[in-house]
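Using the working numbering, read the first sequence as starting at 22 and increasing by one per residue.
Below is one structure; the comments refer to it alone.
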Amino acid sequence: EKERRPFIFHYILIFSSCCFFVRWEEEKYEDGVKWKFLEHKGPYFPPEYQPLPDNVHFYYDGKKVKLSLAAEEVALFFAQMLDHEYTTKKVFRENFFKDWRKEMTQEERLLIKDLDKCDFGEMHAMHTAKVEARRNMSKEEKQALKEANQKIVDEYGYCLLDHHKERIGNFKIEPPGLFRGRGEHPKQGMLKKRIQPEDVIINCSKESKIPVPPAGYHWKEVRHDNTVTWLASWTENIQGSIKYIMLNANSKLKGEKDWEKYEVARKLKSCVDGIRNQYLLDLKSKEMGVRQRAVALYFIDKLALRAGNEKEEGETADTVGCCSLRVEHITLHEQLEGSECVVEFDFLGKDSIRYYNKVPVIKKVFKNLKLFMENKQPGDDLFDRLSTSLLNKHLSSLMPGLTAKVFRTYNASITLQQQLKELTNQSDSVAEKLLSYNRANRAVAILCNHQRAPPKTFEQSMANLQVKIDARKEQLSLAKTELKQAKKEAKAKGSSDPKRQTLVERKKAAVKRCEEQLLKMEVQATDREENKQIALGTSKLNYLDPRISVAWCKNMEVPIEKIYNKTQRDKFAWAIDMTEADFEF
DNA sequence: AACTTAACTTAGCACGGATCAA
DNA sequence: TTGATCCGTGCTAAGTTAAGTT
């Protein structure tokens, strides 16, 4: 099936409408309507549980125990994870054991009372062997497996939305297993239950071919709601939240939404000065709530903090964003490392990623913070008169569509644009330009605190690269000597011998190629070192207006493939198609 | 409730060295 | 000796699903 991008046409109409007054409005549906026709095959269910073979056993207190099917399945979830740190954590083990016991028969429950007496060794070994066997499959077997998977994608991976075939993002029902919460999650280790067709709501057009549930089962519900974009949903048993099956990022619906997001952020660019002036004035307000709002906004704008919704205690890991900061998360320094009025932040943000930063702030903010912290305990809210809904309500009154996260998008994108301007030179090589691009990207990732665990093999791979660089240096000096030699010989015998001349040319080319390769590797080493703990992908995919990158590529004559891989080019197809070199965010 | 953002896990693939046939 | 191909390693891309925002 050929790719298609109808929404690009749509955008072009919107844009050209400024100049030509094209009647593009007809393209749009009435408010809230996302589609007129939606047809799909429903979600793909994970395979049924396969009981243990007869030669694999579970032992309790040294004795062989044949578990019931349900208990065995859950035991295997744990056994499979034995290599993982999770299974050493107290909370994880306790949650697992509690939920496992719920799956046991009365008899099993009476016997199995202590997780420490459980021996999952054979089950774990079986799992490891399976992983190994899979790795060692023959080419033919791998090919067969690949084809089988492709068949599933072909059948379940696409839907028909308003006459167009669209890729679905996640068409598979999440398989059962043990919940892997991030950070100190109070529910880690709990049993994430198997989803049955009876749990699944299907959303599609009335007049479409309704997806058929697996034989012998029924859907929970089939509905026809064209004001939402999801194709199927179910409620997950850990938090009781709803999971959705939605379209791929390269779809019209997602692409349009993405484009809108950046348009809102660009609108903020045009009024951010006024908004900044306003919150600077608000720092002096008589109303405490307004002052707290102003300080929070100052942080969100300056530091690109997330909004920070309140969270239910005991349901999730203890993490915070701006509005939910507590007194214990900041330390005030009148004087620190040569700066005045420094705020030291130390808290766990989304995914329990630590945010640590020392930031000089203006006096008024500093004074307000002191005031907010007066007579409070470490565990008290810093902004006790503020919530994300209050903050967002205020923001939307300043500009339609403005919310806290728009500042993150805006500051990320504007930073990229500035950094690219500052760091890149037309005369640089492509490798150097790419290093500059990555550095600009990195500045954004640091601003947004996008971290990653350093790769396990980091040190080794840096060392390997260094070895290669040294080898190339050697090669280069050799090539240079050879060039000198060739030149000498060419001169000595006079320029009449064309063979000598071509040899000189060839040696020159070799030196140049060698130099280029060396530079490329040295640049790569620098880039990798600087990127050790920084994740560039998140900002690239979610915060940086792709049109900035596309325009930069055009200006710098860098092929777009150098900065966006296939998936990213698909997702940003709209930007790649519409953006001219003179685009400005 | 619906949707975006996020890091982690796994799959797949490119690359370079080893091995083998011609 | 040379070119082809095999094979393991290490990295990137894709997939997964948790955790945010509105």
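Just so you know, even glycine gets a beta-carbon here, dropped at the ideal spot from N, CA and C.
Task: 6 Å CB neighbourhood of Gly-178 in its chain, flanking five on each side removed - done: Ile-189, Phe-192
Open item on the list: Need the endpoints of the beta strand (DSSP E) that Asn-632 sits in, please.
Closed with: Any answer about residue 632 is impossible in this case: the structure gives the chain only from 22 up to 606.
- [ ] Thinking Ile-223 and Val-243 are a contact (beta carbons under 8 Å), I'd like their distance in whole angstroms, please.
- [x] 5 Å
- [ ] Note down the Cα distance separating Lys-587 from Ile-581, rounded to an integer number of angstroms.
- [x] 10 Å
TODO: Count the CB pairs spanning the stretch 379-391 and the stretch 426-434 that are closer than 8 Å, and state whether there are at least three.
DONE: no
Open item on the list: Which of the three DSSP states is assigned to Thr-588 in this structure?
Closed with: helix
Task: Supposed contact pair His-350 and Val-363 - C-beta distance, whole angstroms, cut 8 Å - done: The C-beta distance from Val-363 to His-350 rounds to 15 Å, too long to meet the 8 Å contact threshold.
- [ ] Report the option in Lys-172, Leu-97, Glu-153, Phe-113 whose CA atom is closest to the CA atom of Asp-140.
- [x] Leu-97
- [ ] Pull up the distance between the alpha-carbon of Phe-99 and that of Ser-418, whole angstroms please.
- [x] 51 Å
Task: Whole-angstrom distance between Arg-201 and Lys-477, CA atom to CA atom - done: 20 Å
TODO: Out of Asn-269, Pro-64, Asp-137, Lys-57, state which residue places its alpha-carbon closest to the alpha-carbon of Asp-82.
DONE: Asp-137
Task: Residue environment, Arg-375, which counts as buried when at least 16 other CB atoms sit within 10 Å - done: exposed
Task: Residue environment, Leu-565, which counts as buried when at least 16 other CB atoms sit within 10 Å - done: buried
Task: Cα-Cα separation between Gln-439 and Tyr-458, rounded to whole angstroms - done: 11 Å
Open item on the list: Whole angstroms are fine: how far does the CA of Glu-124 sit from the CA of Arg-312?
Closed with: Their backbone Cα atoms lie some 53 Å apart in a straight line.
- [ ] Return helix, strand or coil for Ser-254, following the three-state DSSP convention.
- [x] strand
TODO: Sort Asp-303, Thr-337, Phe-479 by Cα distance to Gln-554 and report the nearest one.
DONE: Phe-479
Task: Per DSSP, cross-strand counterpart(s) of Ser-360 - done: Leu-357
- [ ] Determine the direct distance from the alpha carbon of Leu-324 to that of Arg-628, and round the result to whole angstroms.
- [x] This structure does not reach residue 628, given that the chain is present from 22 up to 606, and the question cannot be answered.
Task: Proximal residues to Arg-287 (C-beta, below 7 Å), its chain only, five neighbours per side dropped - done: These residues qualify, in order along the chain: Phe-606.
Open item on the list: Under DSSP, the alpha helix (DSSP H) around Phe-79 begins and ends at which residues?
Closed with: Run containing Phe-79: none in the alpha helix (DSSP H); it sits in the beta strand (DSSP E), 79-81.
Task: Endpoints, beta strand (DSSP E) assigned at Asn-224 - done: Note, Asn-224: beta strand (DSSP E), 222-224.
Task: Segment contact, 8 Å Cβ cut-off, at least three pairs: the stretch 538-557 with the stretch 463-470 - done: yes
- [ ] State the beta-bridge partners of Pro-197 as determined by DSSP.
- [x] Beta-bridge pairing links Pro-197 to no other residue.
TODO: Could you tell me if Gln-589 is buried or exposed, where buried requires 16 or more neighbouring beta carbons within 10 angstroms of its beta carbon?
DONE: buried
Task: C-beta atoms of Ala-315 and Cys-344 nearer than 8 Å - done: Their beta carbons are not under 8 Å apart, which means Ala-315 does not touch Cys-344 by this criterion.
Task: Simplified DSSP state of His-245, which is helix, strand or coil - done: coil
TODO: Please name the residue in Arg-429, Glu-510, Glu-550 whose C-alpha comes closest to that of Pro-475.
DONE: Glu-550
Open item on the list: Please report the distance separating the alpha-carbon of Trp-45 from that of Asp-52.
Closed with: Here Trp-45 scores only 34 on pLDDT, less than 50, and its place in the model should not be relied on; the value that follows carries that caveat. So the alpha carbons of these two residues sit roughly 15 Å apart.
Task: CA nearest to the CA of Ile-231, picked from Asp-603, Tyr-70, Lys-62, Phe-113 - done: Lys-62
Task: the stretch 156-176 touching the stretch 249-260, judged by at least three CB pairs closer than 8 Å - done: At 8 Å Cβ cutoff, the stretches do not touch.
Task: In chain order, each beta strand (DSSP E) run of at least 3 residues that lies wholly inside the stretch 141-211 - done: Within the stretch 141-211, the complete beta strand (DSSP E) runs of at least 3 residues are 179-182, 185-188.
Task: Continuous alpha helix (DSSP H) stretch holding Val-451: start and end - done: 451-468
- [ ] Quick one: give me the first and last residue of the alpha helix (DSSP H) that Tyr-50 is part of.
- [x] Note, Tyr-50: premise wrong, no alpha helix (DSSP H); not H, not E.
TODO: Report all residues from its chain with a CB closer than 6 Å to the CB of Phe-393; omit the five preceding and five following residues, and keep chain order.
DONE: Leu-403
- [ ] Locate the alpha helix (DSSP H) running through Lys-494, then write down its first and last residues.
- [x] 479-513
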